[in-house]
Each structure stands twice: as C-alpha cells, then as structure tokens.
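Here's the structure, in structure tokens; my notes come after.
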Amino acid sequence: MIGMQRKTSFGKSLLNNNSPKAIKYMNPKTENTQSPRPKYNRNFQNSKNGSVRTFQRQGTPHTQSNNTNTIHATIKHPANSNPLHSNKIDLNRKKLNKGSYQYGSNKGNRRPKAGTPALKNTITTPRKKQSNIPHPLPGVIRIIPLGGVEEIGKNMTAIEIGNDIVVIDAGMQFKTEDTPGIDYIIPNTTYLEDNKDRVRAMLVTHGHLDHIGGIPLVMSRIGNPPLYSRNLSILLMKKRQEEFSHLPALNAHVVEKDSVIYAGEMRIRFFGVTHTFPDSMGIIIETPYGSIVTPGDYKLDQIDGKVTPEEEKEYAIFDKEKVLLLLTDSTNIENEGFSLAEVKVHEGLEKVIKQVSGRIIISAFASSITRLMKIVEIAESLGRKVILDGRSLKTNMEVCEQADIFKPKKGTIIPIDDISGYPPNKILIMMTGAQGEEFAALGRAANKTHKKFSIQPGDTIILSSSIVPGNEIAVQHLKDNLSRHGVRIVSYRTSEEYIHATGHGNQEDIKWLHRKTHPKFFIPIHGWHSMLVKHKEVAMSIGMSGDNIIVPDNGSIIEIVDEGSKMILRKEKAPSGPMMVDGFSVGDEQDVVIRDRVMLAQDGMFVLIATIDSATGKLRKSPDIISRGFIYLKENQELLHQVRLIIKKTIEDDTKGFKPMDFDTIKTDLGDNISKFLFQKTAKRPLVIPVLLSI
Ligand SMILES: [Zn+2]
Ligand SMILES: [Zn+2]
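In my numbering, the protein residues as written are 21 to 715.
Laid out in structure tokens, this is it:
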C-alpha cells in the first residue's frame with residue numbers, strides 16, 4: 021500500500037550587568053528574613069509586600085556620584101566555581117525526546133498560534149565573527165552535517181562543491197528537560213549565513229518536523245534559496261509558513277522522483293522511498309567522481325525480509341550508479357532484523373477494529389500519515405463515520421486531501437458535534453495525544469476537560485504508537501485516567517495484533533540499502549553518537565573499510581579530496597551550538613540563560629544585598645538576604661548568621677587598602693565564597709546574586 025502511494029506521484033544571564041533594563045524580582049513574602057527593611061531612596065520604587073519591586077539602575081554600574089546610590093548586581097554561577105561539580109548544560113549530549121520530531125507530537129510544547137507575537141521570533145543575537153573557514157579547493161567535495169548527528173531531530177546537512185552549496189533538510193527538535201523555557205531548537209546556520217551568496221538550494225526529503233521544522237526560520241537566515249521537495253511536503257511547509265507571516269514566502273518548487281534540477285553547477289536527481297510519510301524521497305547529487313546519495317528517512321517495503329518488486333524497481337537505479345558517498349539514517353540501527361512492514365499494522369488494526377462493537381477511539385502519531393489514511397479506509401469499509409480531533413491531525417489530513425493523496429468518501433468525515441446522531445458501532449474517532457500530552461484531545465477526554473466529547477464505558481481505545489522515551493509516566497497517567505472510565509485499552513505492547521510499527525529501517529533494511537547503493541565512502545547520519553558508531557560497525561561487517569567511513573559530529577567538516585579517492589575530516593569545525601528559539605529570540609548564545617533557568621528550577625536563588633560605606637569600605641548595616649526555592653530561611657537562622665559573617669569578612673578583606681573599591685572583585689568573591697559555603701552546608705547550588713549598594 022505504501023508502494024501504491026509512492027506510485028501516485030511517488031509512493032546571558034538573568035540579570036545582565038550590561039543590560040539597560042531595570043532589574044525586577046518578586047518581593048519576598050515568606051522565605052526571607054532580613055535585617056530591618058532598608059530605606060530605599062530614589063533609586064528604588066519600593067512598593068508593598070507581594071508586589072514587584074523594581075531596582076532602577078542609573079548610569080553605568082561602576083560610576084558613583086555623590087548623591088546617588090549605585091547598585092552592583094552580578095550573578096555567581098556556582099557551576100563555574102567548582103569544575104568538579106559542573107552543572108554546565110551539554111545540550112547536545114543528553115537524552116532528548118526521541119519522538120519529538122513526530123509531526124503533531126506536541127507534548128509540553130507551546131504550539132504557536134497563527135499571528136501571535138511569540139512567532140515573530142526573528143530577532144537575531146549579535147553575530148560572532150566570521151567563521152574563517154576557507155572555501156573548499158577546486159575538485160574538493162565538502163560535506164557538513166549541521167544537525168541530527170548528535171541527536172535524533174533537527175536534521176540538516178550541507179554539501180558544497182566549488183562555488184555551490186546545497187542544503188538537505190532543516191529540521192527542529194522540541195525543548196527538553198535541559199532547555200527549560202525554550203520553544204524548540206533548530207540547527208546552527210552560521211556557516212550557511214556566512215556563505216549565503218553561494219547557497220543554491222534547499223532540498224527537503226519529506227515533511228516530518230525533524231526535516232522541515234526549522235524551514236521557516238532557517239530559510240530566512242540563509243537568503244531564502246529555492247526550496248525543492250515533493251508536493252505533500254511543500255504543501256505542509258507552506259501551511260507552516262503561514263504561522264510566520266512576518267517572514268518572506270518560500271520560494272518553493274515541487275519535484276517528482278524523475279525530476280532533474282540544477283543547483284549552480286550541481287545536477288540533482290531524486291528517488292522514491294517508503295516511510296510513514298507518503299511522498300518521501302531520496303536525493304542523488306552528481307559529482308565528477310560519482311554521486312552523493314541520501315535516502316532521507318526510509319524503511320523497506322518488504323514482508324518477512326522479502327523486498328517487494330516495486331521497492332526493488334525503485335532502487336534499481338543504483339545498479340548502474342557509481343555511488344561515491346552514502347549518507348544515511350541510523351535511528352533504528354540498534355534493532356535487529358527488518359522493520360515490521362506497515363502493511364502488517366494495517367492488517368492488525370483492521371482485525372482489532374472489526375472485533376469491536378462499540379465506539380472506537382484511535383490515537384496515533386499525527387505524522388504517521390499513511391496509517392491514518394488506512395484507518396479511514398477501514399472505517400469506511402465497516403460503515404463507520406470518522407471524527408478527526410486534534411489540530412495537528414486535522415491539519416495533516418487537510419493537507420493530504422489538498423495534495424489529492426487522501427480521498428475519503430463524501431460524508432465519511434463528520435464534525436465532532438454530530439457524534440450523538442450515530443450509534444456507537446458506527447463511530448470511529450481519531451485523536452491526538454497518545455504520548456500522554458495533557459492538552460491533546462485524548463488527554464482532555466481522559467481527564468474530562470474535553471468540551472465536546474466524553475468517554476463512555478464500553479468505548480475501545482487503541483493506542484497505535486510506541487511510547488517515546490521520556491513520555492512513559494505521562495502515558496501511564498493517561499492509561500490510568502482512561503481506565504477509570506471503564507473502557508478497554510488496546511496498546512502496542514498488550515495487543516496480540518500488530519498495531520504499530522516504526523517508520524525507520526532496522527539493521528537488515530539498513531544493510532540492504534548499503535549493499536544496494538554500494539558506496540565508496542559512508543557517513544552515518546540521523547542519530548545519537550553511539551548509534552552512528554554502531555552504524556559504522558554494521559557497514560564494516562558487510563565489507564566496508566573503516567578508512568572510508570567518518571562518524572561526524574554536528575559541524576564536522578568532511579572533505580572528499582584527491583579526485584574522489586580520499587575522505588578526510590578537517591580540523592576546523594563549523595559553528596554547531598544549537599540555535600534555540602525562545603519566544604522572541606533565536607540565538608546560539610543563550611547557554612547562560614538556560615543554565616540560569618536550570619539552576620533556578622533545581623536549587624532556587626539566593627540574593628544578598630550589602631550596603632557598603634564608600635568612605636570606610638565597611639558594611640553600613642547587616643546585609644539583606646532573599647531566597648526563593650532554596651531553603652526556608654526562617655528555620656535556618658544559624659546558616660544566615662554565618663552567611664552574613666562571610667559577607668562582612670569578604671567585603672572588608674576586599675576593600676582594605678583599595679581606593680576606589682573594586683566592585684567586580686567584591687562581587688566575584690562574594691559569589692564564590694557564599695556559593696561554596698551554601699554547598700557545603702546544604703549540598704544545593706542556588707543561583708547566588710550579590711547586589712552591592714555604596715553610599
Ligand atoms: Zn520521517
Ligand atoms: Zn527523520
């Protein structure tokens with residue numbers, strides 16, 4: 021069935037010292053004990069308890085005038101002061117939400133609504149200086165995986181020959197536990213921005229979010245080059261672009277699998293692949309030394325290891341192709357055997373659905389488009405009406421209808437409001453939310469907050485998806501909530517029939533592709549580092565020389581040199597830090613902000629306000645201490661007493677004999693000493709913010 025579809029068209033810190041903005045924080049209510057409330061003068065608007073207190077900084081932090089107090093605020097990151105206990109976030113290496121790339125898997129994400137200001141996120145952070153990476157020499161082919169090789173998600177690879185650069189895919193990755201407050205992450209485009217005038221094309225393999233999620237923001241940063249993909253993917257990208265109305269329209273071109281395009285001097289062809297997204301395609305870039313091939317996401321159309329004739333035919337183009345380099349997916353490299361054929365899932369779902377006499381609710385990834393269309397077909401054959409509930413689901417199916425891939429009979433799809441007009445055995449409801457997303461349709465139905473639908477005893481709920489790592493507890497809560505309604509739950513693990521399969525090829529699919537394309541060189545992509553290493557091992561096990569394989573990191577600059585005879589890894593790297601999209605801003609320099617958020621979330625904050633007599637360098641009075649989310653200060657008077665002593669000693673040591681006083685040193689030392697002390701006493705590392713007032 022998948023084959024059939026293919027044939028239709030082709031199957032900085034929280035308080036920034038340099039910030040001119042006012043510093044705000046909440047007035048302490050319960051957690052602060054302080055020495056008598058300071059009499060703030062004209063530099064503060066000190067309002068009543070519970071309101072926001074604004075500290076207005078005047079002038080630059082280090083200038084003092086006779087009549088104004090000066091505030092010196094800095095943040096001490098304890099992580100910096102103790103390398104043995106580094107809290108530094110390694111955004112690339114920690115576990116990320118595996119399935120977050122699924123279109124419509126929107127757990128915990130603020131899904132931007134059309135026209136909301138949060139989408140106007142085009143403000144760029146100050147650019148670093150040019151990357152200083154020389155252009156490739158004549159005859160050299162340069163490959164830079166810019167994303168997707170240290171994670172699953174945000175796929176993007178650049179291919180550069182002579183004066184031409186083409187980019188393959190521009191995906192996104194949703195925020196993780198390590199990046200609180202971030203909407204999502206896109207690949208680092210600095211190299212491409214520096215070489216904007218040579219970017220000839222963006223080639224998109226298919227419309228899943230780990231391949232198109234970065235398109236709106238990436239395209240505008242790299243000079244909006246022509247965009248090539250197949251019809252369905254282009255329609256989805258255009259639909260997504262509508263949410264970014266302030267950005268230029270896409271310069272989109274539909275290609276088919278037999279299309280040939282030119283990007284500068286590069287000749288580019290395509291081929292169809294089987295995936296859960298219809299119309300997925302692979303890319304062939306011709307070079308004087310052979311072609312560069314990438315299938316994008318794929319699994320084989322096979323049953324019990326026997327590849328279908330349609331699939332064989334599709335890949336027959338490689339029989340005579342001289343493949344110089346293969347770049348391919350490593351997502352399922354750890355799974356042995358072949359992937360389960362989607363057709364088996366279709367059969368399994370049909371069986372399960374046929375056995376049910378009451379209402380059926382099915383939840384699958386909104387990205388599993390092929391399966392969603394099949395479910396509608398099954399419903400039609402049983403005379404059931406279909407209700408689509410959930411934004412991503414509706415959008416995807418609408419776009420499929422527009423693309424003429426999804427053709428439900430008139431009257432099959434009915435609005436949710438009409439549900440009461442049909443008996444239970446004539447109803448099938450497709451809902452988003454199989455990952456336990458609280459605000460998705462199924463989640464709302466389960467916790468009785470769905471305005472238009474309520475679950476009834478006797479309903480059957482089919483969860484036609486795997487559980488994305490990280491979502492286990494959320495899915496368990498969902499199942500518990502559903503169980504309380506007296507329903508029957510059929511899930512991936514409990515069903516005797518196959519009701520879910522991955523969209524990616526397992527080891528045997530991968531080996532088959534290697535043999536079929538017989539490349540000279542190989543670069544594993546799409547996956548965590550260990551998966552890429554495993555993929556290298558698998559390639560070697562079927563006869564490839566390890567010398568011809570490079571396992572890249574994001575930003576690795578790989579070159580094929582000496583007339584296509586050697587593949588090398590350059591010592592330079594393209595900038596590869598993740599670009600985080602955070603409300604209004606996109607940037608690659610937000611590590612400090614994120615680190616602050618992580619620290620605040622983990623151990624809270626600790627603000628100390630000290631008033632120093634500028635004539636004597638001594639404290640004018642006992643320092644004020646405010647904390648949030650750290651410890652209950654009222655019950656820790658002894659600790660506070662000791663903190664005050666440390667503040668006093670630090671300041672007196674630092675000011676002794678110094679004129680003028682060096683506030684930077686005092687702040688740094690206060691931060692260091694207090695952080696160290698608090699860690700020793702509490703084993704916590706709150707964000708320590710010393711604020712100095714000099715009178
Ligand atoms: Zn995909
Ligand atoms: Zn993918």
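Where a beta carbon is used, it is the ideal one built from N, C-alpha and C, also for glycine.
Since we're looking at a predicted model, the values are computed, not measured.
Any non-hydrogen atom of ligand 2 closer than 7 Å to residue i Cβ
i    : result
N355 : no
N175 : yes
D616 : no
H228 : yes
H546 : yes
D644 : no
D278 : no
H231 : yes
Short Cβ contact (8 Å threshold) for residue i with residue j
i    : j    : result
I588 : I482 : no
E696 : L659 : Just to set this straight, residue 696 is Lys in the shown sequence, not Glu. No, Cβ-Cβ distance for K696 and L659 is not below 8 Å.
N175 : H226 : no
I398 : I436 : no
Q422 : L247 : no
I651 : L628 : no
L157 : V187 : no
F473 : A465 : yes
I578 : I163 : yes
G649 : G624 : yes
T675 : G637 : yes
I751 : F290 : Outside the shown range of the chain (21 to 715) lies residue 751, about which nothing can therefore be said.
I181 : I161 : yes
P595 : G575 : yes
E170 : H555 : no
G584 : Y335 : no
G234 : P207 : yes
N352 : D299 : no
Unbroken alpha helix (DSSP H) run spanning residue i, endpoints
i    : result
Y335 : 329-335
A178 : Per DSSP, A178 belongs to no alpha helix (DSSP H); it is in the beta strand (DSSP E), 176-181.
G310 : G310 -> not in any alpha helix (DSSP H); beta strand (DSSP E) instead, spanning 310-314.
H661 : 657-675
M393 : 389-401
L690 : 683-702
Residue interval of the beta strand (DSSP E) (run including residue i)
i    : result
K586 : 586-593
F291 : 286-292
M301 : 301-307
D184 : 184-188
H295 : Counting along the chain, H295 falls outside any beta strand (DSSP E), and DSSP gives it neither H nor E.
A784 : The shown model of the chain, from 21 to 715, leaves out residue 784, and the question about it has no answer.
T469 : Neither: T469 is in no beta strand (DSSP E) and is coded neither H nor E.
R709 : Reading off the sequence shown, one finds Ile at residue 709, where the question assumed Arg. Here the beta strand (DSSP E) through I709 covers 707-714.
K716 : Residue coverage of the chain in this structure runs from 21 to 715, which leaves residue 716 outside it and unanswerable.
D479 : That residue, D479, is in no beta strand (DSSP E); it is neither H nor E in DSSP.
G167 : 161-167
L628 : 625-632
V280 : 280-283
V274 : 272-274
Contact test: residue i Cβ vs ligand 1 heavy atom, cutoff 7 Å
i    : result
F291 : no
G167 : no
F297 : yes
D317 : yes
G523 : yes
Cβ of residue i within 8 Å of any chain B Cβ
i    : result
I395 : Although the question refers to chain B, the structure presented lacks it and comprises just one protein chain.
When the Cβ atoms of the region 504-511 are set against those of the region 280-287, are three or more pairs found closer than 8 Å? no
Would you mind listing the alpha helix (DSSP H) stretches within the region 495-580 that are 4+ residues and don't spill past its ends, in chain order? 527-537, 549-561
Which ranges would you report for the beta strand (DSSP E) in the region 209-267 if only whole runs of at least 3 residues count? 219-223, 247-249
Sufficient close CB pairs (3 or more, under 8 Å) joining the region 421-438 to the region 478-498: no
Would you check if there are 3 or more beta carbon pairs closer than 8 Å linking the region 529-546 to the region 337-349? yes
Tell me whether the region 370-386 and the region 439-450 touch, counting them as touching only if at least three CB pairs, one residue from each stretch, are closer than 8 Å. yes
Would you check if there are 3 or more beta carbon pairs closer than 8 Å linking the region 411-418 to the region 385-393? yes
Would you check if the region 570-577 and the region 519-528 touch, i.e. whether three or more CB-CB distances between them fall below 8 Å? no
Say whether the region 301-321 touches the region 525-537, bearing in mind that this needs 3 or more beta-carbon pairs closer than 8 Å, one atom from each stretch. yes
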